[in-house]
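Okay, so here's the structure we're looking at.
Protein chains in written order, with this note's numbering: chain A, 59 to 338; chain B, 3 to 323.
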């Protein structure tokens, strides 16, 4: 199975757009990891009162109204945003996939209870649930923030996975496996999970983009990443009033979000196709 | 000698609806079916769509739980078996499905599909699995090198061969063949039928062949059971049923088979109407509404005919003589 994973990755990366997306993501990650070490001054305000300065050799992305170097801030904010998006999406996908498999495979009462809970959870705006949960902290620690985002993001995924499980479970090959003596674990992990992974990957792409934007909104509302710690979303919202006068303050973090979401989507789509042997 | 498989008064109802606001309906798919199959024998179960023949096949394997009735396999009560006993028993009862596309996991190489039963029942040491899979593929007429390929790379006929290899992998005594050739081209059908006959001869397999094509059934079956509306209406040896059909429904089925000689005389019996609704059980003969038998009378509408032994066959018709 590990061998087939390597094959799948190689096949996904055989498409040029997927390669571009993978390289872009790798570059963004490197940028977010390395630049804050080399240029550590993301919280320094060397020239307070001078206002926002446009990009120059000293500050390639310019500075914000507090004279902080935006290059350093975009890089450091990348760490925060990418960590939040990646980990929260991973958490919500794992839970959503697990719950979806359980509901779809078990059926009956288990399915009814789980799906009615999901219905109820989806009926409440996610932002509202998040605000309620995050109100427990004065300053939300990052791990808690990630956990809360992950725990509120799996409802849609579980529905998608369940629907896909119901479709796959009706296929004769599942009956054949049962008749060969396959137990629940084997049926779920060898037959159902591989056949629903495509849906999970599409869900992953949507989820990462959603979390980046959600994190921005929550940070703006004061319950997410707290100043002076930057995140891409928080920076965009910070700069929104100065869009016409100092557009660079919003341009660079905005482009970073755009590029990330785009690259994740392209990569997820390539992976989804590569997981399906029929598309080879 | 006790038969390999003994099915007695098998009943399968599908509960439908039964929600808070809807009345519960039971679809009577199988209504008291009894038959037995000996080692190495083929019983064909024929009938139109909806007659319950596939449900019988799946219930016999307990892929569906029967509503009532008894199932004995090689002297063991299949319905009383515990989960573990059932798992062991299932090795000996296998199935080949109609749909060559849905019956193989698209995410598994065909080698992995064929190996699955071997792994579950630990039939050979791990190191020899690949070798065994190769033998099985060869046995069904495929190149062992194809084990690394995925199902979508094969034709319908090849996939059916793979499905057969998967069933053979656990060395069964009995295989339910659920319309295994009806989705295939005629030329490919013949190849698969010949393969099934060869395997039966070499391995002493018993088959329950489910189908509606009497031309195919003629090649495979030793005995034939004709199903209508969840019941067997006629059961007997192949020649008896095909050459001297006594039940009017069997006669109609046989008249629908194309005759290979142009111009040869044949009277086609076209049945009027549809089978009755499976939600309501008629009190009389379920075939009465479509019956063309000249002796049809009031008894047919009021009394359900039971299977009766007539020379060479059992027939459920008041006027079979």
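Even glycine gets a Cβ: it sits at the ideal position worked out from N, Cα and C. Since the model is a prediction, treat every value here as computed from it, not as a measurement.
Could you work out which residues of chain B lie near residue 247(A), taking near to mean beta carbons separated by less than 8 Å?
Against the first chain, residue 247(A) aligns to sequence position 189. Under the 8 Å cutoff, chain B gives no residues; its nearest Cβ is about 12 Å from residue 247(A).
Taking only the alpha-carbon atoms, compute the straight-line gap between residue 75(A) and residue 147(A) and give it to the nearest angstrom.
Position 17 of the first chain, counted from the first residue, corresponds to residue 75(A). Position 89 of the first chain, counted from the first residue, corresponds to residue 147(A). Using only the alpha carbons, I get a separation of about 23 Å.
Runs of 4 residues minimum, wholly inside the segment 176-238 of chain A: which ones carry the alpha helix (DSSP H) assignment?
Counting only runs of 4 or more, we get 184-192, 200-209, 213-227, 230-237.
Which chain B residues are close to residue 229(A), counting only those with a beta carbon under 7 Å from its beta carbon?
Reading the first chain from its first residue, position 171 is the one you call residue 229(A). Residues of chain B passing the Cβ test: 104.
With three or more beta-carbon pairs closer than 8 Å as the criterion, would you say the segment 201-220 of chain B touches the segment 170-188 of chain B?
Yes, the segment 201-220 of chain B touches the segment 170-188 of chain B.
Is it buried or exposed for residue 59(A), if we count other Cβ within 10 angstroms and need 16 for buried?
Here residue 59(A) is taken as the residue at index 1 of the first chain, counted from 1. Residue placement at residue 59(A) is flagged as unreliable, the pLDDT there being 42, under the threshold of 50; the coordinate-derived value follows with that caveat. The residue in question, residue 59(A), is exposed, as its Cβ has fewer than 16 Cβ neighbours within 10 Å.
Excluding five sequence neighbours on each side, which residues of the same chain lie with their C-beta closer than 7 Å to the C-beta of residue 278(A)?
Taking the first residue of the first chain as position 1, residue 278(A) is located at position 220. For residue 278(A), where only same-chain residues beyond five positions count, the Cβ hits under 7 Å are 292, 295.
Who are the near neighbours of residue 380(B) in its chain, counting only those whose CB is closer than 6 Å to its CB and skipping five residues on each side?
Since the first residue shown for chain B is 3 and the last is 323, residue 380(B) is missing from the structure and cannot be characterised.
With 16 as the cutoff for other CB atoms within 10 Å, does residue 207(A) come out buried or exposed?
Numbered from its first residue, the first chain carries residue 207(A) at position 149. So residue 207(A) ends up on the buried side.
Got a sec: which bits of the segment 113-140 of chain B sit with their beta carbon under 7 Å from any beta carbon on chain A, in order along the chain?
Those residues of the segment 113-140 of chain B that come within reach of chain A (Cβ to Cβ, closer than 7 Å) are 118, 119, 122, 123.
So, for residue 256(B): in the same chain, excluding its five sequence neighbours on each side, which residues have a beta-carbon less than 6 Å away from its beta-carbon?
In the second chain, residue 256(B) corresponds to position 254, counting from 1. For residue 256(B), where only same-chain residues beyond five positions count, the Cβ hits under 6 Å are 247.
Rounded to a whole number of angstroms, what is the C-alpha to C-alpha distance between residue 245(A) and residue 107(B)?
Taking the first chain and counting its residues from 1, the one referred to as residue 245(A) is at position 187. Taking the second chain and counting its residues from 1, the one referred to as residue 107(B) is at position 105. About 11 Å.
Compare the C-beta of residue 106(A) with all C-beta atoms of chain B and state if any pair is closer than 8 Å.
Within the first chain, residue 106(A) is the residue found at index 48, counting from 1. False, the Cβ-Cβ gap to chain B never drops below 8 Å.
Mind checking which residues open and close the alpha helix (DSSP H) that includes residue 163(B)?
If you number the second chain from 1, residue 163(B) lands on position 161. Segment 158-170, the alpha helix (DSSP H) holding residue 163(B).
At a Cβ threshold of 8 Å, is residue 238(A) touching chain B?
Here residue 238(A) refers to the residue found at position 180 of the first chain. So yes, residue 238(A) belongs to the interface.
Should the segment 28-43 of chain B be regarded as contacting the segment 93-105 of chain B, the criterion being three or more beta carbon pairs within less than 8 Å?
Because the criterion of three Cβ pairs below 8 Å is not met, the segment 28-43 of chain B and the segment 93-105 of chain B do not touch.
Under a Cβ-count criterion, where at least 16 other Cβ atoms within 10 Å of its own Cβ denotes burial, should residue 106(A) be classed as buried or exposed?
As a first step, residue 106(A) must be located in the first chain, where it is residue number 48. Per the 10 Å Cβ criterion, exposed.
Between the segment 177-195 of chain A and the segment 236-251 of chain A, can you find at least three pairs of beta-carbon atoms closer than 8 Å?
They do not touch, by the three-pair rule.
Starting from the N-terminal side, write out each stretch of the alpha helix (DSSP H) that is 4 residues or longer and does not extend beyond the segment 121-148 of chain B.
As far as the segment 121-148 of chain B is concerned, its whole alpha helix (DSSP H) runs of at least 4 residues are 131-141.
Against chain A, with Cβ distances strictly below 8 Å, would residue 65(B) count as a contact?
Residue mapping note: residue 65(B) aligns to position 63 of the second chain, counting from 1. True, the Cβ-Cβ gap to chain A drops below 8 Å.
Residue 33(B) lies in the beta strand (DSSP E); which residues open and close that run?
Here residue 33(B) corresponds to residue number 31 of the second chain, with the count starting at 1. Per DSSP, residue 33(B) belongs to the beta strand (DSSP E) from 26-39.
If you reduce the DSSP assignment to three classes, tell me which class residue 310(A) lands in.
As a working note, residue 310(A) is residue 252 in the first chain. Note: residue 310(A) maps to helix in three-state DSSP.
In chain order, what residues of the same chain have a beta carbon less than 7 Å from the beta carbon of residue 122(B), not counting five sequence neighbours either side?
Translated into positions along the second chain, residue 122(B) becomes position 120. Hits under 7 Å: none found.
Looking only at its chain, what residues have a beta carbon closer than 7 Å to the beta carbon of residue 150(B), apart from the 5 residues adjacent to it on each side?
Indexing the second chain from 1 puts residue 150(B) at position 148. Here the set comprises 111, 113.
Alpha carbon to alpha carbon, how far is residue 136(A) from residue 108(A)?
Looking up residue 136(A) in the first chain gives position 78. Looking up residue 108(A) in the first chain gives position 50. The alpha-carbon atoms of residue 136(A) and residue 108(A) are separated by roughly 26 Å.
For residue 43(B), which three-state DSSP category applies?
Indexing the second chain from 1 puts residue 43(B) at position 41. Residue 43(B): coil per DSSP, three-state reduction.
Just how far apart, CA to CA, sit residue 137(B) and residue 227(A)?
Numbered from 1 along the second chain, position 135 holds the residue referred to as residue 137(B). Numbered from 1 along the first chain, position 169 holds the residue referred to as residue 227(A). Approximately 30 Å between the Cα atoms of the pair.
Drop a sphere of 10 angstroms on the beta-carbon of residue 61(A), count the other beta-carbons inside from all chains shown, and report buried for 16 or more, exposed for fewer.
Locating residue 61(A) in the first chain gives position 3, where the first residue counts as 1. Caution applies to residue 61(A), whose pLDDT of 49 falls short of 50 and renders its modelled position unreliable; the value that the coordinates give is listed next. Label assigned to residue 61(A): exposed.
Would a check of beta-carbon distances place residue 99(B) closer than 8 Å to chain A?
Position 97 of the second chain holds residue 99(B). Judged by the 8 Å Cβ criterion, residue 99(B) is in contact with chain A.
In chain A, which residues lie less than 7 Å from residue 193(B) when you measure between Cβ atoms?
As a working note, residue 193(B) is residue 191 in the second chain. Neighbours of residue 193(B) on chain A: none; closest Cβ ~21 Å, over 7 Å.
So is residue 187(B) in contact with chain A if we call contact Cβ pairs under 8 Å?
Within the second chain, the letter at position 185 stands for residue 187(B). Not one chain A Cβ lies under 8 Å of residue 187(B).
Counting contacts by CB-CB distance shorter than 8 Å, is residue 142(B) in contact with chain A?
Locating residue 142(B) in the second chain gives position 140, counting from the first residue. No, because no Cβ of chain A sits closer than 8 Å to the Cβ of residue 142(B).
Along chain A, in chain order, which residues have C-beta atoms closer than 9 Å to that of residue 93(B)?
Residue mapping note: residue 93(B) aligns to position 91 of the second chain, counting from 1. In chain order: 238, 239.
Quick one: which residues of the segment 284-300 of chain B get their C-beta closer than 9 Å to a C-beta of chain A? List them in chain order.
Listed in sequence order: no entries.
Give, in chain order, every residue of the segment 197-211 of chain A whose Cβ lies closer than 8 Å to some Cβ of chain B.
If the cut-off is 8 Å between Cβ atoms, the segment 197-211 of chain A has nothing near chain B.
Would residue 180(A) be called buried (16 or more neighbouring beta carbons within 10 Å of its own) or exposed?
As a first step, residue 180(A) must be located in the first chain, where it is residue number 122. Per the 10 Å Cβ criterion, exposed.
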